[in-house]
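Novice:
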Amino acid sequence: MKLTEIDIDRFRIWRSLLLRLDPQGLNVIYGPNEAGKTTLMRFIRSTLYGYEPLSTEPAFHRPDAEQPWRGAVRCEHGGRTWRIHRRAEMAGRGRLRISGGQEGIDKDA
Numbered sequence: 046m047k048l049t050e051i052d053i054d055r056f057r058i059w060r061s062l063l064l065r066l067d068p069q070g071l072n073v074i075y076g077p078n079e080a081g082k083t084t085l086m087r088f089i090r091s092t093l094y095g096y097e098p099l100s101t102e103p104a105f106h107r108p109d110a111e112q113p114w115r116g117a118v119r120c121e122h123g124g125r126t127w128r129i130h131r132r133a134e135m136a137g138r139g140r141l142r143i144s145g146g147q148e149g150i151d152k153d154a
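For the sequence shown, the working numbering begins at 46 and goes up steadily by one.
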């Protein structure tokens, strides 16, 4: 699986971030301390595998109910392009939607 795009609507320090990645080469994310590199990695992991329930987050990290954390990653696998979108919820791993390939998937995960 190759990541081709990271689209963060809202996640911790990131707002409206769109990163297009080169699927044919090596992509390096670098920057000074506290620039958000680890947060970017956590976003990718959370989108693919599920958010920790928001109730476990420190209060200063929690989003408000009107604008929950959400975003998507686009990837290529097996000659197909997939978009994996997840929206955080107070309990559970968040709402998952996968589109692309021959059919999409939409479920609570």
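We treat Cβ as the ideally placed atom computed from N, Cα and C, and that holds for glycine. From a predicted model like this one, the values you see are computed outputs, not experimental measurements.
#1: Please look up how many angstroms separate the CB atoms of residue 100 and residue 46, rounded, as I've assumed it's under 8 Å.
#2: Buried or exposed for residue 94, please, with buried defined as at least 16 other CB atoms from any protein chain shown within 10 angstroms of its CB.
#3: Name the one or two DSSP bridge partners that residue 83 has.
#4: Which same chain residues end up closer than 8 Å to residue 60 when comparing Cβ atoms and leaving out the 5 residues on each side of it in sequence?
#5: If we require 3 or more residues per run, which beta strand (DSSP E) segments fall completely within the segment 96-138?
#6: Terminal residues of the continuous beta strand (DSSP E) containing residue 143?
#7: Within 10 angstroms of the Cβ of residue 75, are there 16 or more other Cβ atoms? Answer buried if so, exposed if not.
#8: For residue 120 versus residue 64, is the C-beta distance shorter than 8 Å?
Specialist: Looking at the atomic coordinates:
#1: Their Cβ separation, rounded to whole angstroms, is 31 Å, which puts residue 100 and residue 46 out of contact at 8 Å.
#2: exposed
#3: Paired residue(s): none; residue 83 is not in a bridge.
#4: 53 and 54
#5: Segments of the beta strand (DSSP E) lying fully in the segment 96-138: 115-122 and 125-132.
#6: 140-145
#7: Classification of residue 75: exposed, given that the 10 Å Cβ count is below 16.
#8: Annotated as distal: residue 120 and residue 64, with beta-carbon spacing of 8 Å or more.
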